[in-house]
Every structure is written in structure tokens, then in C-alpha cells.
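Asker:
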Amino acid sequence: MALLGLSCLYACTTTQSFPSAANKPEGPPLPEAIEQQKAAWRSSLNDGDAEALAAYYWESAGLLWGRNFFQDADKVATQWDNWQPGLGKLVEQRTQAVVRHDDSHYFEMGYYKFSEKDPTIYAYVIAWKLTEGKWLRELEVAQPLFEQQEVQIREIDRARELWMERSNAHDHERLVSRSYAADGFYVNQGQHYRGTEAISERYSYMSQPNWQIQLTAKSVMKVQKELVFELGEYNSGGIGHYVIIWEKQGDQWKVLLDFNF
């Protein structure tokens, strides 16, 4: 399937009002310093100032839009600057869920609304990183809402269960070949790995005999009928937190993007 992107917006029936979940944020509040960064980022975006916009991203930040992944602060800012004339001004942003990893790392999931030029609602995920006293965006995902009501959450629960079963079977190659999109992404510590071969190499440690992991979803957002955002917690002997972007291929939900703190 092809994820909706900017070029499809005027030919598709996209969502043009905030889902009710946007009125009931889940999780702790974001630090005030992050809220201030969000307001400043929005101002730079609306001003069309790519140079200023880049200052709100970690130097190795990544952005997933559709199936395109852009890496490095300048490239991410340039993409937003290129899209902004077609999107119009960002007029409202609502947080649906927040997951705190530690004092220096947060996940945020929510919705963007641009001006009447593009009334579509966009879902987003941001991974926040405190660097030298400044909150920066380490990862960003943005996709338009489209027929999201058709998603069955029990199918996502089953996909997560299968991911755990395959990981805990100590066969990382089977895990990746069965649970990941062929051109999916694993993003970690400023590097991105695309495709099952590259991801499998990064997950080779999961074939160790003592490996065990548990995933617990904290918040799941329906985005498109074949796309879901998930924030959660993993326990593999230590506690961490993750983002999974699930994509439905045929009758199977697979990982399009995997990121963790």
C-alpha cells in the first residue's frame, strides 16, 4: 500500500476535525521548556525560516513523512520549509499522549491543524531529547489522518504479541522477516537502518539464549486505515520506551518504523 502524503491530500477524503481523543491527553504533562520550544518551532515554521527551524532539531534528527525518511537537522528543516506553502500556517497543535522516559527524554503524540489552505488533520510523534540544556527533536513522524476509524485495535495487540513471541524465540532473522516491512526503518542514536537485512543485523543480539523482552503499549493512535502510531514501554532486563509505526500489508500489520530510548 502507499501511505498518504502531501500530493494526495486533495484527491483523498482526509480527516478535517480533531478526534475526540485529542481532548483527553494521556500521560504526564510535558515540561514547560518543551511547550516553549513547540511554540517557537511553530513560529519559525509559519515564518518560513528554515535556518531558525533547524535550531529546534538535534543535529542527527530524523523525520518520517509517508515513506520518505530525512535525516540531519538542516534537511528536516528544509523539508518542512518546502511543504509549508502548500500546507499553510500551522494554526493549532494538540497533544494526545506523553510518555516520560527520564528527565532528558520524552515522547509526545498528537495532532496538527493547518490553515484553510489545507484543512487536513495530521497525526504526529516527536521524540524529545534534552541536549546541553535545550530540548530538541530527535525523531519526528507526521502523517495525514484518513479513514482511521476502520482500524481494529485488537489486530495491533495481536501484531505486538507476535513481535514478542518471535523476539523471545531467539531467532532475530525470523522476527525481522515476519514482523517488519521489507523497506522499514530502525532508528536509534542518530542512525537509521532501512530494510530487513540492515535491521536484522542490528537485532542479532536477540538470538542470544538468555534474551527476553516484554512490550506494553502506553498509547495507540489510529492514523489511517492501514497505519497506526504506538508509544510503549519495553522491559528486557531494563526499562525503556519505544515508538512503533505499524503499517498493514495485506492482512498483516508490520513495523514500518521502530525507535527506542
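Add 2 to the 1-based position in the sequence shown for the numbering used here, that's all there is to it.
Every residue, glycine too, gets a C-beta built ideally from N, C-alpha and C.
(1) Anyone know if the C-beta pair for Val-127 and Lys-227 falls short of 9 Å?
(2) Alpha carbon to alpha carbon, how far is Phe-187 from Glu-249?
(3) Rounded to the nearest angstrom, what separates Gly-272 and Leu-229 at their Cα positions?
(4) CA-CA distance, Thr-198 and Thr-80?
(5) So, Ala-99 versus Gly-90, is the Cβ gap smaller than 9 Å?
(6) Between the alpha carbons of Ala-57 and Arg-139, how many angstroms are there, rounded?
(7) Give the DSSP bridge partners of Asp-104, in chain order.
(8) Run through the DSSP bridge pairs and tell me what Ser-221 is partnered with.
(9) Curious, which full-length beta strand (DSSP E) runs of at least 3 residues does the segment 119–180 contain?
(10) Using the three-state DSSP reduction, which class does Lys-250 fall into: helix, strand or coil?
(11) Relative to the C-alpha of Trp-60, which residue among Ser-238, Arg-196, Asn-190 is closest?
(12) What is the DSSP secondary structure of Trp-67, counted as helix, strand or coil?
(13) Assuming contact is defined by CB atoms lying nearer than 9 Å, are Val-101 and Glu-235 in contact in what I supplied?
(14) Please list the terminal residues of the continuous beta strand (DSSP E) segment that includes Asn-212.
Answerer: For this structure:
(1) Mapped onto the sequence shown, residue 127 falls at position 125. Mapped onto the sequence shown, residue 227 falls at position 225. Going by C-beta atoms, Val-127 is not nearer than 9 Å to Lys-227.
(2) For this step, residue 187 is matched to residue 185 along the sequence shown. For this step, residue 249 is matched to residue 247 along the sequence shown. The straight-line gap from Cα to Cα measures roughly 12 Å.
(3) This structure gives no information on residue 272, because the portion of the chain shown stretches from 3 to 263.
(4) Sequence index remark: in the sequence shown, residue 198 carries index 196 (1-based). Sequence index remark: in the sequence shown, residue 80 carries index 78 (1-based). Roughly 29 Å separates the two Cα atoms.
(5) As a working mapping, residue 99 is identified with position 97 in the sequence shown. As a working mapping, residue 90 is identified with position 88 in the sequence shown. It is not a contact, given that the beta carbons lie outside the stated cut-off.
(6) Residue mapping note: residue 57 aligns to position 55 of the sequence shown, counting from 1. Residue mapping note: residue 139 aligns to position 137 of the sequence shown, counting from 1. For Ala-57 and Arg-139, the distance between alpha carbons rounds to 10 Å.
(7) Along the sequence shown, one-based indexing puts residue 104 at 102. Paired residue(s): His-107.
(8) Looking up residue 221 in the sequence shown gives position 219. Its beta-bridge partners are Leu-233.
(9) 123–133, 136–146
(10) Within the sequence shown, numbered from 1, the residue matching residue 250 stands at position 248. Strand.
(11) Here residue 60 refers to the residue found at position 58 of the sequence shown. Considering only alpha carbons, the answer is Asn-190.
(12) Working through the sequence shown from its first residue, we reach residue 67 at position 65. Note: Trp-67 maps to strand in three-state DSSP.
(13) Within the sequence shown, residue 101 is the residue found at index 99, counting from 1. Within the sequence shown, residue 235 is the residue found at index 233, counting from 1. A contact, by the Cβ cut-off of 9 Å.
(14) Walking along the sequence shown from the start, residue 212 turns up at place 210. Where Asn-212 is concerned, there is no enclosing beta strand (DSSP E), given that its DSSP letter is neither H nor E.
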